[in-house]
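> Pasting in a structure now, in structure tokens, and then I'll have a few things to ask.
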Amino acid sequence: MNKYLVLYFALGPMLLVTCQPAPVCPAPTGTPHYLTLSELEELPFPSNPSSGPAEIEINGKMTSVDQVVTGPLCNGEWKGTVYVACDVQVFEWKEQPLFLKDCDLSIEPGTVVYVAAHNDAPYYNGCSCHTSTKPEH
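Using the numbering used here, read the sequence shown as starting at 1 and increasing by one per residue.
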């Protein structure tokens, strides 16, 4: 019996690690490029025009989204189902990740935002953790 417990505790953690999903976005290499205020001022509104409806693989299944957000992330209007891709660029932050604080990003109530950098996790209450505002219910 003792041998089986040792085997269980030795192999159990290795099996759990191998069952973890692979990250959606590749690991960053080099120094990341963050947006500067002057770059933001040069961007059109919205700064991330929609690529329109698309089929995206999310958590192993094809999902229809209304908008795919790529490139500079700051200003815009999101509604429906939005997918934030791996290649978005944001403002640098110092302590908390408030990279949308000075942006003009409007997210319609009921919008579902999937974020590739968070392993395609869905968010239902907007981006308040990145703007320092409370979500509207």
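The C-beta atom is built at its ideal place from N, Cα and C for all residues, glycine as well.
Here the structure is a predicted model, which means the values were calculated and not measured.
#1: Does the pairing of the region 30-44 with the region 81-88 give three or more beta-carbon distances under 8 Å?
#2: Output the distance between the C-alpha atoms of residue 107 and residue 120, rounded to the nearest integer angstrom.
#3: Answer with buried or exposed for residue 96, where buried requires no fewer than 16 other C-beta atoms within 10 angstroms of its C-beta.
#4: If you check the beta carbons only, do residue 36 and residue 78 fall under 8 Å apart?
#5: Look at residue 80 and residue 66 and say whether their C-beta atoms are less than 8 Å apart.
#6: Are residue 98 and residue 74 close, meaning C-beta to C-beta below 8 Å?
#7: Figure out for me which residue from 76, 68, 72 has the closest Cα to the Cα of residue 114.
#8: Measure from the alpha carbon of residue 38 to the alpha carbon of each residue in 55, 109, 72, 64, then state which is nearest.
#9: Measure the C-alpha to C-alpha separation of residue 83 and residue 94 and round it to an integer number of angstroms.
#10: Can you tell me where the beta strand (DSSP E) holding residue 51 begins and where it ends?
#11: Buried or exposed for residue 52, please, with buried defined as at least 16 other CB atoms from any protein chain shown within 10 angstroms of its CB.
#12: Going straight from the alpha carbon of residue 22 to that of residue 123, what length do you get?
#13: Can you list, in chain order, the residues of its chain with a C-beta nearer than 6 Å to that of residue 70? Leave out the 5 residues immediately preceding and following it.
Answer, in terms of the structure:
#1: Short answer: they don't touch.
#2: Counting from one through the sequence shown, the residue named residue 107 turns up at place 107. Counting from one through the sequence shown, the residue named residue 120 turns up at place 120. Taking the straight line from one Cα to the other gives about 18 Å.
#3: Residue 96 sits at position 96 when you count from the first residue of the sequence shown. Residue burial annotation: residue 96 is exposed, with fewer than 16 other C-beta atoms found within 10 angstroms of its C-beta.
#4: If you number the sequence shown from 1, residue 36 lands on position 36. If you number the sequence shown from 1, residue 78 lands on position 78. No Cβ-Cβ contact shorter than 8 Å links residue 36 with residue 78.
#5: Start at 1 with the first residue of the sequence shown, and residue 80 comes out as number 80. Start at 1 with the first residue of the sequence shown, and residue 66 comes out as number 66. The answer is yes: Cβ separation under 8 Å.
#6: By one-based count along the sequence shown, residue 98 stands at place 98. By one-based count along the sequence shown, residue 74 stands at place 74. Their beta carbons are not under 8 Å apart, which means residue 98 does not touch residue 74 by this criterion.
#7: As a position in the sequence shown, residue 114 is number 114, starting the count at 1. Measuring from the Cα of residue 114, the nearest candidate turns out to be 68.
#8: The residue given as residue 38 occupies position 38 in the sequence shown. When each option's Cα is compared against that of residue 38, the closest is 72.
#9: What you label residue 83 is simply residue 83 of the sequence shown in a count that begins at 1. What you label residue 94 is simply residue 94 of the sequence shown in a count that begins at 1. Going from the Cα of residue 83 to the Cα of residue 94 covers about 26 Å.
#10: The sequence position of residue 51 within the sequence shown is 51, counting from 1. Note, residue 51: premise wrong, no beta strand (DSSP E); not H, not E.
#11: Locating residue 52 in the sequence shown gives position 52, where the first residue counts as 1. By the neighbour-count criterion, in which a residue is buried when 16 or more other Cβ atoms sit within 10 angstroms of its Cβ, residue 52 is exposed.
#12: As a working note, residue 22 is residue 22 in the sequence shown. As a working note, residue 123 is residue 123 in the sequence shown. Answer to the nearest angstrom: the Cα atoms are 20 Å apart.
#13: Working through the sequence shown from its first residue, we reach residue 70 at position 70. Correct list, in chain order: 85, 87.
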